[in-house]
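Participant: I have a structure I would like to understand better, so I am pasting it below and will then ask my questions one at a time.
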Amino acid sequence: MTRVIELQVNGTTYRVDVDEETSLLSVLRDHLDLTGAKYGCGEGQCGACTVLIGGLPRRSCITRVGVVGDKPITTIEGLSPGGGLHPLQRAFLDADALQCGYCTSGMILTAAALLETTPHPTEREIAHFMEGNICRCGTYLRIIAAIRQAAKMLKEARS
Amino acid sequence: MNTGARVSVFPQAEPERYELTSPPTHRFQPDRREFLKLAGGGIVVACVLKEVWAAQESGGSRRGFSEALPQEVSAWLHIGEDGVVTVYTGKVEVGQNTRTGLTQAVAEELRASPDSIHMVMGDTDLTPFDMGTFGSRSTPVMSPQLRRAACAAREMLIDLAADKWKIKRAGLVAIDGKITDPLTRRTVAYAELVKGQKLAKAIPAEDPLTPASEWKVMGKPQPKVDGRDFVTGRHRYASDLKVPGMLYGRVLRPNAFGAMLVSLDAREAKAMPGVTIVQDGDFVGVAAATPEAATRALAALRAEWKSSTQPSGRELFDDLKKNTVEGEGWEGRSDHTVGSIDKGRAEAKHQLRATYTVAYIAHAPLEPRTAVAEWKDGKLAVWTGTQRPFGVRTELAQAFRLPEDHVRVRVPDTGGAYGGKHTGEAAVEAARLSRAAGRPVKLQWTREEEFTWAYFRPAGVIDVAGWLRDDGAVTAWEFHNYNSGASAIATPYDIPNQHIQFHPARSPLRQGSYRALAATANHFARESHMDDLAHLVKMDPLEFRLKNLKDARLRAVFEAAAQKFGWAARSKSSKGQGFGIAGGIEKGGYVATCAEVSADAGTGSVRIVHAVTAFDCGAVVNPEQLRNQIEGANVMGIGGALFEAIEFENGSILNGRFSRYRLPRFSDVPSIEVMLVDRKDQVSAGAGETPIVGLAPAVGNAIFDATGVRLRSLPMAPKGLKV
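Chains A and B are the protein sequences, given in the same order.
Mapped onto my numbering, the consecutive letters of the first sequence carry residue numbers 1 to 159.
Mapped onto my numbering, the consecutive letters of the second sequence carry residue numbers 1 to 723.
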């Protein structure tokens with residue numbers, strides 16, 4: 001059952017020796033030491049484990065590593081490859097859109113996917129798209145504000 | 001002991017820590033002389049608790065110090081030769097942003113940039129003993145102590161500058177990390193002043209502090225310390241740590257609470273390579289090289305458990321009232337009588353009795369309990385997310401029969417707690433597995449384990465009776481809380497005749513602290529009932545409250561919230577719209593919340609549309625983080641108000657996962673406005689807890705306004721409104 005799997009993570013090719021049934025979350029965290037994605041529930045209900053697979057937000061805790069194939073994976077560690085902050089990261093800080101911060105990686109990556117398809121989301125669109133991500137500290141309104149702020153920053157950067 | 005007539009017995013600051021064990025008998029501390037050794041050169045200021053200082057100064061005996069002595073140093077700070085200020089406190093950061101608030105406090109008094117200050121928190125080898133981070137005590141207690149230490153350090157730096165320049169110290173000022181002589185305009189940086197020094201000073205907790213009106217760093221927004229690490233994924237929670245050679249642990253849980261292990265067949269698991277299996281009494285666990293291998297080994301264990309019949313949720317509230325305990329259980333009863341209920345009844349025209357209930361709910365911090373344990377030379381090191389690093393150290397020392405100085409507990413900033421992480425279960429389990437495996441072990445609880453084997457906010461039953469005159473004056477008030485707790489059980493209203501009692505009960509589930517403790521339950525019952533009384537005499541709910549209320553600070557937040565909300569001018573523009581108000585006092589904070597709901601009695605849907613919370617916690621330390629806490633408390637409060645409830649049957653939790661236990665999500669959140677009543681003339685109170693108490697009754701009162709139906713159970717609408 002065990003085999004070597006190749007993964008494209010944050011622009012780097014990794015070869016990991018794991019069972020293909022292993023969750024992507026475990027591979028990222030325990031094998032590659034990319035711990036930005038968090039375990040929150042193990043059933044895809046809270047969004048703390050969200051990563052981008054081929055640009056789409058996916059629950060890595062219920063994604064078997066064997067099904068990822070050669071699709072590129074982006075984790076929070078790779079969101080801003082240059083080492084600076086992505087506009088969403090900047091905006092989350094500016095809006096104080098976190099308390100304990102445990103949900104933050106998943107929130108930011110989900111929001112990044114939203115802004116890819118919907119560059120200027122309304123509050124309602126944000127709430128709808130982010131519904132699967134839980135912030136137990138209750139910073140939802142600040143997260144919405146941060147995403148809108150990041151949308152503005154991205155627009156300015158484009159123009 | 002006071003043996004006078006009937007005594008009011010309201011519990012003091014920390015009434016409901018029933019999940020805690022009794023305090024340890026030994027607390028080993030680094031000797032104060034060791035501070036410099038630990039810290040290198042520079043200057044050190046240690047903050048000594050006032051009582052201990054007084055005894056030492058007066059040459060008094062050290063009587064009673066067996067408890068007090070190890071606690072004498074409550075915090076200390078060091079200014080190193082590189083100018084870095086390192087502050088040591090046993091408090092921990094769990095999302096409430098106390099790391100930032102305490103950094104501001106030191107920066108303020110030291111006249112230094114927050115960036116130059118590094119907080120070492122929750123490390124039992126490095127930080128002084130601390131009971132724990134709970135009860136909203138960091139801001140009112142720890143912050144002033146750190147400010148005093150910083151203040152003393154500043155004075156020492158001024159002395160050093162005066163010596164250096166061979167002038168009198170008067171007139172020298174500390175600004176921006178430097179001492180300045182205004183006459184000659186020369187300056188010297190702190191780093192330069194402390195170079196080559198090895199000065200240590202202990203100070204009493206009495207030095208003058210900068211008044212709030214003159215604050216330059218405190219009282220202003222300050223971004224979250226280390227915020228960048230959280231948005232980039234760089235921060236390492238306990239669950240993210242990896243130490244060389246580390247294994248992953250899992251624990252075999254019984255099928256019911258209190259079950260006993262009858263037999264264990266571990267042959268299959270034992271045959272798996274690299275798997276360690278531990279059976280120690282009823283504890284069974286495994287450790288393996290990967291989480292998957294540990295999970296496979298766990299699944300291969302065949303265990304037989306024996307459990308006894310246990311109560312179920314259906315009978316909960318009857319059970320609690322039937323099973324009160326006097327003089328035993330986790331907390332003694334409290335009983336408070338003023339005047340005479342009979343007299344108040346005689347003066348009244350109306351009376352209303354009702355029973356309120358609150359369900360068990362889960363803290364559900366997004367990071368479940370996790371620990372990494374490592375043994376080396378008979379000593380145990382543990383990293384874990386807990387609100388009580390020293391309490392967990394004691395648990396470990398007791399569990400493994402070690403002296404406490406052989407155990408080190410470190411708490412990385414943690415992924416949520418809300419009163420739910422006072423205990424060290426995962427730490428003890430990880431350490432047990434690690435000892436057997438001879439390797440470090442990480443144990444992260446699953447969500448189901450966190451829902452089942454941690455502890456819950458207590459359920460409770462509250463019987464309330466109120467009597468009042470036609471003019472709205474409440475003449476008598478009777479209030480009996482069964483099991484949920486005594487926090488904020490006292491009424492802030494001026495009622496001449498009162499009987500208020502807390503009845504501890506035998507809880508069928510393990511229960512413990514929760515954000516604001518029973519203040520949520522007691523405010524829900526009291527403020528719902530006050531609302532009913534107002535309607536009984538056809539008075540406006542706000543006017544009715546103010547008529548019965550003298551406390552100026554509580555009146556002020558009621559008025560502030562009402563004004564922002566537009567209470568006086570409110571009018572229903574659509575069917576199902578309703579407005580409610582509620583408020584109270586707890587842990588030195590004054591809170592009032594107004595809520596607007598949209599409720600549809602036909603479909604059963606209910607939505608909170610808008611909420612306004614006015615809050616007075618004395619002088620505001622960090623307005624933006626305070627707003628953040630108040631908003632977050634309101635959001636967390638939505639869950640307990642409307643839909644969160646633990647369901648259980650015969651020793652099992654039925655809904656212990658996120659797909660079965662509904663938490664507030666984006667779509668549940670109303671627009672929230674926060675009014676800060678900044679009282680620079682008042683000491684700063686903690687603010688992480690109290691703002692949660694107003695939401696549930698304000699929403700209940702708004703639902704009543706919308707539908708005419710009074711909901712007296714939390715959660716009020718677990719499956720929609722049934723009206």
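Note that beta-carbon positions come from the ideal geometry of N, C-alpha and C, so glycine has one too.
Counting along the chain, where does the alpha helix (DSSP H) carrying Gln-145(B) start and finish?
Facilitator: In the second sequence, counting from the first residue as 1, residue 145(B) sits at position 145. Bounds of the alpha helix (DSSP H) holding Gln-145(B) are 143-165.
Participant: Using a threshold of 7 Å, is the CB atom of Lys-242(B) nearer than that to any non-hydrogen atom of the ligand FMN?
Facilitator: Among the components modelled here there is no ligand, and therefore nothing to report on the ligand FMN.
Participant: Am I right that Leu-676(B) and Ala-459(B) are in contact with their C-beta atoms under 8 Å? What's the rounded C-beta distance?
Facilitator: In the second sequence, counting from the first residue as 1, residue 676(B) sits at position 676. In the second sequence, counting from the first residue as 1, residue 459(B) sits at position 459. Actually they are not in contact, since the Cβ atoms of Leu-676(B) and Ala-459(B) sit about 33 Å apart, beyond 8 Å.
Participant: Could you list which residues in chain B have their beta carbon closer than 7 Å to that of Ser-105(A), in chain order?
Facilitator: Residue numbering aside, residue 105(A) sits at position 105 when the first sequence is read from its first letter. Residues of chain B passing the Cβ test: Gly-233.
Participant: With burial defined as no fewer than 16 other Cβ atoms inside 10 Å of the residue's Cβ, what is the status of Val-273(B): buried or exposed?
Facilitator: Counting from one through the second sequence, the residue named residue 273(B) turns up at place 273. Looking at the sequence shown, residue 273(B) is not Val but Pro. With fewer than 16 Cβ atoms within 10 Å of its Cβ, Pro-273(B) is classed as exposed.
Participant: With distances taken from CA atoms, which of Lys-575(B), Pro-389(B), Gln-625(B), Asp-335(B) is nearest Asn-481(B)?
Facilitator: For the purposes of this step, residue 481(B) is taken as residue 481 along the second sequence, with counting starting at 1. Among Lys-575(B), Pro-389(B), Gln-625(B), Asp-335(B), the Cα nearest to that of Asn-481(B) belongs to Asp-335(B).
Participant: Would Ser-22(B) pass as an interface residue toward chain A - the criterion being a Cβ-Cβ separation below 8 Å?
Facilitator: Residue mapping note: residue 22(B) aligns to position 22 of the second sequence, counting from 1. For Ser-22(B), the predicted structure reports a pLDDT of 38, less than 50, and the residue's modelled location is therefore unreliable. The matter cannot be settled from this model.
Participant: Using a threshold of 8 Å, state whether the C-beta atoms of Gly-122(B) and Gly-90(B) are closer than that.
Facilitator: As a position in the second sequence, residue 122(B) is number 122, starting the count at 1. As a position in the second sequence, residue 90(B) is number 90, starting the count at 1. Yes, these two residues count as a Cβ contact at 8 Å.
Participant: What do you reckon, are the CB atoms on Val-428(B) and Glu-395(B) nearer than 8 Å?
Facilitator: Here the question's residue 428(B) lines up with position 428 in the second sequence. Here the question's residue 395(B) lines up with position 395 in the second sequence. Result yes, Cβ atoms of Val-428(B) and Glu-395(B) sit closer than 8 Å.
Participant: I'd like the list of long-range same chain contacts for Phe-230(B), defined as Cβ closer than 8 Å, with 5 residues on each side in sequence excluded.
Facilitator: In the second sequence, residue 230(B) corresponds to position 230, counting from 1. Excluding positions up to five away in sequence, the list reads Lys-224.
Participant: Step through the CB atoms of chain A and report whether any lies within less than 8 Å of the CB of Lys-201(B).
Facilitator: Here residue 201(B) refers to the residue found at position 201 of the second sequence. It does not; no Cβ of chain A falls within 8 Å.
Participant: Should Ala-426(B) and Leu-402(B) be called a contact, given that it needs their Cβ atoms to be closer than 8 Å?
Facilitator: As a working note, residue 426(B) is residue 426 in the second sequence. As a working note, residue 402(B) is residue 402 in the second sequence. Cβ distance not < 8 Å, so Ala-426(B) and Leu-402(B) don't count as in contact.
Participant: Counting only C-beta atoms, is Leu-141(A) closer than 8 Å to chain B at any point?
Facilitator: By 1-based counting over the first sequence, the position of residue 141(A) is 141. Leu-141(A) counts as touching chain B.
Participant: So what does Tyr-418(B) bridge to, in DSSP terms?
Facilitator: As a working mapping, residue 418(B) is identified with position 418 in the second sequence. BP columns for Tyr-418(B) are empty, so no partner.
Participant: Say whether the segment 630-645 of chain B touches the segment 136-145 of chain A, bearing in mind that this needs 3 or more beta-carbon pairs closer than 8 Å, one atom from each stretch.
Facilitator: Contact between the segment 630-645 of chain B and the segment 136-145 of chain A is present, because at least three Cβ pairs lie under 8 Å.
Participant: List the residues of chain B that Thr-75(A) touches, going by C-beta distances under 8 Å, in chain order.
Facilitator: Position 75 of the first sequence, counted from the start, is the residue given in the question as residue 75(A). Ordered by position in chain B, the residues that pass the 8 Å Cβ test against Thr-75(A) are Gly-233.
Participant: Thinking C-beta only, is Arg-710(B) closer than 8 Å to Ser-528(B)?
Facilitator: Here the question's residue 528(B) lines up with position 528 in the second sequence. Here the question's residue 710(B) lines up with position 710 in the second sequence. Contact: yes.
Participant: Who are the Cβ neighbours of Ala-146(A) in its own chain at under 6 Å, not counting the five residues just before and after it?
Facilitator: Within the first sequence, the letter at position 146 stands for residue 146(A). Cβ within range, chain order: Ala-91, Phe-92, Ala-95, Ala-97.
Participant: Could you list the residues in the segment 433-452 of chain B with a C-beta less than 7 Å from some C-beta on chain A, going in chain order?
Facilitator: Under the 7 Å Cβ criterion, the segment 433-452 of chain B contributes Gln-444, Thr-446, Arg-447.
Participant: What do you get for Leu-626(B), buried or exposed, if any count of 16 or more other CB atoms within 10 angstroms of its CB means buried?
Facilitator: Sequence index remark: in the second sequence, residue 626(B) carries index 626 (1-based). Buried is the call here.
Participant: From the beta carbon of Val-635(B), is the nearest beta carbon of chain A less than 8 Å away?
Facilitator: Residue mapping note: residue 635(B) aligns to position 635 of the second sequence, counting from 1. With 8 Å as the cut-off, Val-635(B) counts as an interface residue toward chain A.
Participant: Please go through the same chain and pick out, in chain order, the residues whose beta-carbon is closer than 8 Å to the beta-carbon of Asp-226(B), but skip the five residues on each side of it.
Facilitator: Working through the second sequence from its first residue, we reach residue 226(B) at position 226. Counting only Cβ-Cβ distances below 8 Å, and skipping sequence neighbours, we find Arg-99, His-235, Asp-413.
Participant: Below 8 Å between beta carbons: does that hold for Trp-714(B) and Gly-640(B)?
Facilitator: Position 714 of the second sequence holds residue 714(B). Position 640 of the second sequence holds residue 640(B). Residue identity check: residue 714(B) is Leu in the sequence provided, not Trp. For Leu-714(B) and Gly-640(B), yes; Cβs fall inside 8 Å.
Participant: Closest to Lys-289(B) by CA distance: which of Leu-264(B), Ala-256(B), Val-243(B) is it?
Facilitator: By 1-based counting over the second sequence, the position of residue 289(B) is 289. Note on residue identity: the sequence assigns Ala, not Lys, to residue 289(B). Nearest of Leu-264(B), Ala-256(B), Val-243(B) to Ala-289(B), Cα basis: Val-243(B).
Participant: Which residues in chain A have a C-beta closer than 7 Å to the C-beta of Phe-666(B)? List them in chain order.
Facilitator: Translated into the one-based positions of the second sequence, residue 666(B) becomes position 666. Those are Ala-127, Met-130, Glu-131, Tyr-140, listed as they occur along chain A.
Participant: Name the chain B residues whose beta carbon is nearer than 7 Å to that of Asp-19(A)?
Facilitator: On the first sequence, residue 19(A) is found 19 positions in, with the first residue counted as 1. Under the 7 Å cutoff, chain B gives Glu-292.
Participant: Kindly indicate which residue of Gln-197(B), Leu-160(B), Glu-647(B) has the alpha-carbon position closest to the one of Val-188(B).
Facilitator: Here the question's residue 188(B) lines up with position 188 in the second sequence. The candidate whose alpha carbon is nearest that of Val-188(B) is Leu-160(B).
Participant: Express the C-alpha separation of Asn-133(A) and Val-411(B) in angstroms, rounding to a whole number.
Facilitator: By 1-based counting over the second sequence, the position of residue 411(B) is 411. By 1-based counting over the first sequence, the position of residue 133(A) is 133. When rounded, the distance between both Cα atoms is 26 Å.
Participant: Applying the criterion that 16 or more other CB atoms from any shown protein chain within 10 Å of the CB defines a buried residue, is Ser-74(B) buried or exposed?
Facilitator: Counting from 1 along the second sequence, the entry for residue 74(B) is found at position 74. Ser-74(B) is buried by the Cβ-count criterion.
Participant: Counting only runs of 4+ residues fully inside the segment 443-484 of chain B, write out the alpha helix (DSSP H) ranges in chain order.
Facilitator: 447-453
Participant: Taking 8 Å as the cut-off, does the segment 664-672 of chain B touch the segment 550-562 of chain B (at least 3 CB pairs, one atom from each stretch)?
Facilitator: no
Participant: List, in order along the chain, the chain A residues whose C-beta lies closer than 8 Å to that of Asn-255(B)?
Facilitator: In the second sequence, the residue the question calls residue 255(B) occupies position 255. Within 8 Å Cβ-Cβ: nothing; Asn-255(B) doesn't reach chain A, min ~20 Å.
Participant: Verify the CB distance criterion: does Gly-42(A) have a CB-CB separation below 8 Å to chain B?
Facilitator: Here residue 42(A) refers to the residue found at position 42 of the first sequence. Closer than 8 Å to some Cβ of chain B, the Cβ of Gly-42(A) qualifies, so yes.
Participant: Just the chain A side, please: which residues come within less than 8 Å of Gln-777(B) by C-beta, in chain order?
Facilitator: Within the shown structure, residues of chain B are numbered from 1 to 723, placing residue 777(B) beyond reach of any answer.
Participant: Pull up the distance between the alpha-carbon of Trp-445(B) and that of Gly-339(B), whole angstroms please.
Facilitator: Taking the second sequence and counting its residues from 1, one reaches residue 445(B) at position 445. Taking the second sequence and counting its residues from 1, one reaches residue 339(B) at position 339. If I take the Cα positions, the gap works out to 51 Å.
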